[in-house]
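Let me begin by presenting the structure, written as structure tokens, before commenting on it.
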Amino acid sequence: MAACSFRRVIASQLSKILDLPPENLIKSISAVPVSKKRHVADFQLSIDSVIQDGSSYHSAQDLQLQAQTLVEKLKCDAVVSEISTGPGTVNFTINRELLAKTVLQQVLKDGSEYGIKSELFSTVPRQKAVVEFSSPNIAKKFHVGHLRSTIIGNFIANLKVALGHQVTRINYLGDWGMQFGLLGVGFQQFGNNEKLKSNPLEHLVEVYVQINKTAEDENTKRLAKDFFRKLEEHDEQTLSLWKQFRSFSIEEYIQIYKRLGVHFDEYSGESFYQEKSQEVLKMLEEKGLLQKTTKGTGIVDVSEKKDLSSFATVMRSDGSSLYITRDLAAAIDRMNKHNCDTMIYVTDKSQNNHFQHLFQILKLMGYDWAQRCQHVSFGLVQGMKTRRGEVIFLEDVLDEARSRMLQNMASAKTTKEIENPVETAEKVGLAALIIQDFQGLLSSDYQFSWDRALQSRGDTGVFLQYTHARLHSLEQMYGNEQLTDINTACLQEPEAISVLQHLLRYDEVLYRSSQDLQPKHIVSYLLTLSHLAAVAHKTLLVKGSTPELAQARLCLFRAARLVLANGMKLLGIMPVTQM
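Here the sequence shown is numbered in the working numbering, starting from 254 and rising by one per residue.
Below is the structure:
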């Protein structure tokens with residue numbers, strides 16, 4: 254990684270003066286974010302992170318003084334051409350030609366692994382991870398509420414795979430519970446096998462609406478309870494109907510996931526843990542953790558002081574299991590099966606409490622691995638409407654994104670005839686949804702807006718796709734042969750230097766996202782990269798330049814496009830080459 258070699262040179266010089274091992278210094282040396290307003294150095298060392306006087310507070314004046322003293326002892330060399338002080342920092346500027354040569358060679362050599370091979374990750378062990386995400390309820394059309402979990406989980410899995418971890422993607426379906434008793438009875442009364450085969454989920458929704466009208470009748474209640482009891486007892490006829498509901502649902506979901514570019518290694522579900530949850534209740538009882546209330550329900554005390562100020566209900570009064578009991582059984586089963594280092598659950602923040610209880614109970618049961626479980630929670634999306642009104646189904650949102658994009662593309666003057674406009678519009682529309690979703694902290698709620706998401710200029714997924722397509726067609730037009738020895742002396746304009754400096758920072762951004770699992774660091778990095786590339790594209794012309802200059806600029810644009818494409822793919826966006 255280009256940045257690594259520069260950080261190492263700076264660290265080894267500092268280590269002699271500060272008498273600290275270079276490894277300790279590398280993380281304190283970071284690439285400087287590009288500024289639109291002024292020329293900036295390439296790297297900075299934060300003085301605060303290397304002072305070893307035991308005090309946690311240092312005044313700005315004190316830091317400035319220390320920085321000054323340090324600068325006086327440092328020398329420029331073949332790599333570092335300038336050293337200066339900033340507020341509490343020492344700034345290093347790399348020899349300009351060396352910067353261009355090193356960064357471009359590294360990007361073109363590493364390709365999709367650029368930034369990932371960085372030594373920032375050398376201390377991060379390769380792990381086995383399970384990521385549970387999406388998790389819709391079967392027998393219903395895919396609700397738009399599951400979109401966030403799906404794209405966030407996909408991003409986390411993509412990032413971990415890119416960083417060399419072994420990832421199992423699990424879809425834990427809501428496929429069990431009393432509602433299937435009601436649906437089963439509904440199907441016996443209003444169901445139609447032909448419709449079930451041709452349009453399963455729409456038909457099941459119709460059936461559910463019909464039976465729901467009588468859901469409060471004593472007779473319906475009794476029938477539903479009987480149906481579900483038979484299901485629990487594995488009655489063949491009942492089970493075979495439920496299995497149809499389940500497999501038809503998964504088939505339809507797979508089509509939606511294809512459109513999102515998402516796949517799963519395992520379709521699990523609550524139904525798998527019906528029996529196992531009874532074993533969990535036995536274990537809780539044996540460990541003395543299960544307490545009975547006066548109503549006969551089973552609870553586990555999860556309070557710190559063991560005063561029942563906080564408890565989780567794990568059993569109904571009739572002895573049957575609840576959602577959390579099945580989750581306990583699933584966690585234990587997964588750990589036994591995958592023996593993973595970390596287990597990540599991606600759901601909305603209304604389930605924070607549920608997961609706190611889940612991890613707490615696992616800990617009380619003596620499972621030390623509970624502390625390696627993590628709940629990545631996210632906020633709610635408000636105001637997602639299509640032209641037809643309030644939206645419920647994800648399919649409608651994807652169709653709307655595609656049709657609005659097609660319309661925008663048709664009316665844009667710059668659009669040339671492209672080979673498959675529908676497929677392009679689908680990918681660009683999805684990019685718009687993902688970038689709007691990933692711009693803030695995942696835990697924040699946000700207001701959805703089509704106009705904002707689909708702007709072609711501005712901080713949008715459309716702008717990322719547009720930049721990628723433009724850079725790609727530049728390569729197509731002016732040669733995409735392997736660019737080997739280019740003259741880096743040609744890349745000294747401020748616009749070129751800004752792109753190079755920004756490419757230096759990619760490994761730090763990946764590292765940051767890998768630590769807190771927030772996509773926003775990568776999103777803002779890619780948006781800045783696209784803005785810098787757009788400015789460079791306007792000023793550093795390839796057309797009409799001397800061959801040497803054209804070659805060097807093409808190489809710069811190619812490097813920018815490669816890093817842009819890598820980052821987009823991590824976020825779950827398929828880069829388009831025409832637009």
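Think of the CB as a built atom: it goes at the ideal place given N, C-alpha and C, for glycine as much as any other residue.
These numbers come from a predicted model, not from an experiment.
Proximity winner among the options, relative to residue i (alpha-carbon distances)
i, options, result
"I750", "A353, S299, V333", "A353"
"S530", "K680, R499, R765, A584", "A584"
"Y526", "S573, Q359, Y461", "S573"
"V458", "Q442, A392, F408, G797", "A392"
"P828", "A264, E801, Y719", "Y719"
"R401", "S767, H725, L534, L633", "L633"
"P274", "Y598, V262, S283, A284", "V262"
"K680", "F701, E761, I409, V715", "V715"
"R710", "E801, L513, L780", "L780"
"V553", "Q609, K590, V515", "Q609"
"L744", "R512, R765, C808", "C808"
"L686", "E648, V343, R723", "E648"
"E761", "S281, A623, A787, R482", "S281"
"A255", "T713, L361, Q544", "L361"
"L543", "Y425, R569, W495", "R569"
"F691", "E325, S288, I404", "I404"
"N348", "Q463, S334, A382, A789", "S334"
"E372", "L793, R811, Y759", "Y759"
"D594", "A742, T421, E519, I503", "T421"
"W622", "V599, K638, N589, N605", "N589"
"V397", "Y506, V816, Y576", "Y506"
"K394", "L534, G549, K638, I503", "I503"
"K548", "L537, E557, T566, N606", "T566"
Residues that residue i bridges to, as DSSP identifies them
i, result
"Q297", "S283, N344"
"T338", "V343"
"L513", "According to DSSP, L513 bridges with nothing at all."
"V599", "V629"
"Y719", "Note: Y719 sits in no beta bridge, so no partner."
"G522", "L426"
"S574", "M568"
"G551", "K545, M568"
"V333", "I347"
"Q692", "According to DSSP, which records beta bridges pairwise, Q692 is partnered with nothing at all."
"E643", "K638"
"Q771", "Partner(s): none; Q771 has no beta bridge."
"Y699", "V634"
"H396", "F646"
Outcome for residue i when other beta-carbon atoms lying within 10 angstroms are tallied against a minimum of 16
i, result
"D470", "exposed"
"M730", "exposed"
"A678", "buried"
"V491", "The sequence shown places Thr at residue 491, not Val. Classification for T491: buried."
"G797", "exposed"
"E242", "Outside the modelled stretch of the chain, which goes from 254 to 832, sits residue 242, for which no answer is possible."
"S375", "exposed"
"C329", "exposed"
"Y310", "exposed"
"H292", "exposed"
"I688", "buried"
"I270", "exposed"
"H721", "buried"
"V650", "buried"
"E489", "exposed"
"A654", "buried"
"Q768", "exposed"
Continuous beta strand (DSSP E) stretch holding residue i: start and end
i, result
"L543", "543 to 545"
"F564", "564 to 568"
"E653", "Note, E653: premise wrong, no beta strand (DSSP E); alpha helix (DSSP H) at 647 to 664."
Segment limits, alpha helix (DSSP H) that includes residue i
i, result
"V360", "349 to 363"
"Q419", "Note, Q419: premise wrong, no alpha helix (DSSP H); beta strand (DSSP E) at 419 to 426."
"G406", "400 to 415"
"A814", "Inspection of the sequence shows that residue 814 is occupied by Arg rather than by Ala. 800 to 824 is the span of the alpha helix (DSSP H), which, as asked, contains R814."
"D712", "First-last for D712: undefined, no H or E at that position."
"E528", "527 to 539"
"D315", "313 to 326"
"V262", "255 to 271"
"I614", "605 to 617"
query: Considering only residues of the region 435 to 486, which uninterrupted alpha helix (DSSP H) runs meet the minimum length of 4 residues and lie entirely inside it, listed in chain order?
result: 446 to 451, 453 to 465, 471 to 485
task: Would you list, in sequence order, the uninterrupted beta strand (DSSP E) runs of no fewer than 3 residues that lie entirely inside the region 364 to 393?
output: 381 to 385
field: Whole alpha helix (DSSP H) elements within the region 732 to 762, 4-residue minimum
entry: 747 to 757
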